[in-house]
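Undergrad: For the sequence shown, our numbering assigns the number 427 to the last residue and increments by one with no breaks. Handing you this structure, nothing more for now.
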Amino acid sequence: MSDTAKLQVPGKEVEYPILTGSTGPDVVDIRKLYANTGMFTYDPGFTSTASCESGLTYIDGDEGILLHRGYPIGQLAEESSFMEVSYLLLNGELPNKEELDKFTYTISRHTMLHEQLATFYRGFRRDAHPMAVMCGVVGALSAFYHDSTDITDPKQRMIASHRLIAKMPTIAAMAYKYSVGQPFLYPDNSLSYTGNFLRMTFGVPAEEYVVNPVVEKALDRIFILHADHEQNASTSTVRLAGSSGANPFACIAAGIACLWGPAHGGANEAALNMLHEIGTPDRIPEFIARAKDKNDPFRLMGFGHRVYKNYDPRATVMQKTVREVFKELNVTDPVFEVALQLEEMALNDPYFVEKKLFPNVDFYSGIILSAIGFPTTMFTALFALARTVGWVAQWNEMISDPDQKIGRPRQLYTGPVQRDYIPVDKR
Ligand code: CMC
């Protein structure tokens, strides 16, 4: 295979190197394109643009493969823990027992928030969306650690990363507690990362909270499934914000803001709302018809993906986990039946088949979270909690990349050309 790509532009031919990664598509290195030709590339939504080099996560969307540092997501979800995956993403290798214990202990030492942060919550309306609270409170962390974070120092970057991973459950649980008018619970570091989060969310000071191990495992698995996903919109947002040298807490707040949108992290909330709206299997054809109607903006939420043109491997694990949680809690939910039948009908419909639209991670996650007791508004907050590890790992990788530059896309300008100002009385 040629290791250069030739591009013919009016008046000249230019040649660019083709770079090869460890797996996946090669990339054409067009960094000199503008200098050579005076032209930019045009790629709205970055559908064909690799914005960085990364060794964290690999996705083969056609085959439905997702690897973290080379390990398949299915194996990690079945056999590891969120702490292990966090260590893996941050450090590049799976930890041995001693490393894992040390890492887990380190994270547990950062779970508390500065007491003054609790007062921030009172500034929000009780009905504020938890993602609004998360954006605000995580952004506010930058005011608490501003002077102590020198992002050129890998040690300080790692401390900031540990702080963020450790404090997200506390912040998310407090957002929930505030919305229901219950007192905040301090972390209990004798519990696991996920067990502690469950207790801070569902426990009350008046009673002992006993963590259900099946629920703990299911939620931990959901965290693993959301831990990282390559250069998605929120991760790219974190990288772009961080590329200017901004404080990491502010960068993660930017990632949370991006994640909130219904086309990204907000889809799990939207998917469950949609399943409830459908209500019974007999109404599925009506909603499928709407999703296919070009004049109707409705889309099947939890379906389709920019990268996966096959079954999202995370959806497979999610579907299995629904059954486990239902069995343990001895519950059923009619929306699960709606979801299963909707999936089957869509996967047999030429519209979805031709466009390669499959269930994504969000299709089943809401059903599990709802069975555990989380309100729909908390779903995206849980996604943010888990994705924080991916965000900080990607941010660290970016800052330590010698090729790192401030992110600054260009544009195809279509506005007015230069014209003279006309005073207001003459317009
Ligand atoms: N229902 C109906 N039609 C759809 C859907 C859907 N869920 N998703 C895509 N399409 C159609 C779309 O109308 C378009 O049709 P056409 O080519 O005729 O114009 C075609 O499929 C391609 O869609 P696109 O919007 O150009 O594709 P994209 O890669 O820009 O969008 C997506 C990917 C995830 C935003 C989109 O599939 C979507 O809006 N899905 C629903 C929201 C959702 O579940 N999001 C969660 C994504 S997974 C979690 C995460 O990683 O954040």
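Each residue gets a CB set at the ideal place from its N, CA and C atoms; glycine is no exception. Everything numeric in this text was worked out from a predicted model, so none of it was measured.
For the 8 Å Cβ check, are there 3 or more pairs between the segment 360-374 and the segment 267-280?
TA: Enough Cβ pairs lie closer than 8 Å, so yes.
Undergrad: Pick helix, strand or coil for D220, following the three-state DSSP scheme.
TA: D220 falls in the helix class under three-state DSSP.
Undergrad: Output the distance between the C-alpha atoms of I65 and D312, rounded to the nearest integer angstrom.
TA: Spanning the two alpha carbons is a distance of roughly 8 Å.
Undergrad: Is it true that the CB of G61 sits closer than 8 Å to the CB of N310?
TA: Yes, they are a contact pair.
Undergrad: For M398 and Y87, what's the separation of their Cα atoms in angstroms?
TA: Looking at the two C-alpha atoms, the distance is approximately 17 Å.
Undergrad: Can you tell me the Cα-Cα spacing of G195 and Y145, whole angstroms?
TA: When rounded, the distance between both Cα atoms is 27 Å.
Undergrad: In this structure, how does DSSP classify L66 when only helix, strand and coil are distinguished?
TA: Correct three-state label for L66: strand.
Undergrad: What separation, rounded to the nearest whole angstrom, lies between the Cα atoms of G11 and M39?
TA: Roughly 13 Å separates the two Cα atoms.
Undergrad: Measuring only from the beta carbon, is L225 closer than 7 Å to any heavy atom that is part of ligand 1?
TA: Not under cutoff, so the answer is no.
Undergrad: For Y308 and F383, which I take to be in contact (beta-carbon distance under 8 Å), what is that distance rounded to the nearest angstrom?
TA: So it is not a contact: roughly 17 Å between Cβ atoms.
Undergrad: Buried or exposed: where does T20 fall if 16 or more other Cβ atoms within 10 Å of its Cβ makes it buried?
TA: T20 comes out exposed.
Undergrad: For T111, which of M174, K356 and Q404 has the nearest alpha-carbon?
TA: Of the listed residues, the one whose Cα sits closest to T111 is M174.
Undergrad: Do I288 and D349 have their CB atoms nearer than 8 Å?
TA: Yes, the pair counts as a contact, with Cβ atoms nearer than the cut-off.
Undergrad: Tell me where the beta strand (DSSP E) around A5 begins and ends.
TA: That run of the beta strand (DSSP E) goes T4 to V9.
Undergrad: What do you reckon, are the CB atoms on H276 and V322 nearer than 8 Å?
TA: Contact: no.
Undergrad: Looking at L164 and P95, is the spacing between their C-beta atoms short of 8 Å?
TA: No, Cβ-Cβ distance for P95 and L164 is not below 8 Å.
Undergrad: Between S192 and E216, is the Cβ-Cβ spacing less than 8 Å?
TA: For S192 and E216, yes; Cβs fall inside 8 Å.
Undergrad: Determine the burial state of P72: buried for a count of at least 16 other Cβ atoms within 10 Å of its Cβ, exposed for fewer.
TA: Classification for P72: exposed.
Undergrad: Quick check: the segment 400-415 against the segment 240-258, are there 3 or more CB pairs under 8 Å?
TA: In short, these stretches touch, since the Cβ pair count reaches three.
Undergrad: Determine the extent of the beta strand (DSSP E) in which E455 is found, giving its start and end residues.
TA: Because the chain here runs from 1 to 427, residue 455 falls outside it and cannot be looked at.
Undergrad: Looking at the secondary structure, which residues open and close the alpha helix (DSSP H) in which D101 lies?
TA: First-last of the alpha helix (DSSP H) with D101: K97 to S108.
Undergrad: M301: beta carbon under 7 Å from a heavy atom of ligand 1?
TA: Yes, Cβ of M301 sits closer than 7 Å to a heavy atom of ligand 1.
Undergrad: Would V317 be called buried (16 or more neighbouring beta carbons within 10 Å of its own) or exposed?
TA: With 16 or more Cβ atoms within 10 Å of its Cβ, V317 is classed as buried.
Undergrad: Taking the straight line between their C-alpha atoms, what separation do you get for L113 and G74?
TA: Rounded to whole angstroms, L113 to G74 spans 33 Å at the Cα level.
Undergrad: Which term fits E208, buried or exposed, when burial requires 16 or more other beta carbons within 10 angstroms of its beta carbon?
TA: The residue is exposed, with fewer than 16 neighbouring Cβ atoms inside 10 Å.
Undergrad: Please confirm whether any heavy atom of ligand 1 lies closer than 7 Å to the CB of K355.
TA: Within the cutoff, so yes.
Undergrad: So, is V325 buried or exposed, given that buried needs 16 or more other C-beta atoms within 10 angstroms?
TA: Flag for V325 reads buried.
Undergrad: Report the rounded CA-to-CA distance for L340 versus Q319, giving the unit in angstroms.
TA: Between L340 and Q319, the C-alpha separation is close to 9 Å.
Undergrad: May I have the straight-line CA-CA distance separating Y176 from A206, to the nearest angstrom?
TA: Approximately 18 Å between the Cα atoms of the pair.
Undergrad: To the nearest angstrom, how far is the alpha carbon of K356 from that of C52?
TA: If I take the Cα positions, the gap works out to 27 Å.
Undergrad: Is Q8 buried or exposed, if buried means 16 or more other CB atoms sit within 10 Å of its CB?
TA: Result: exposed.
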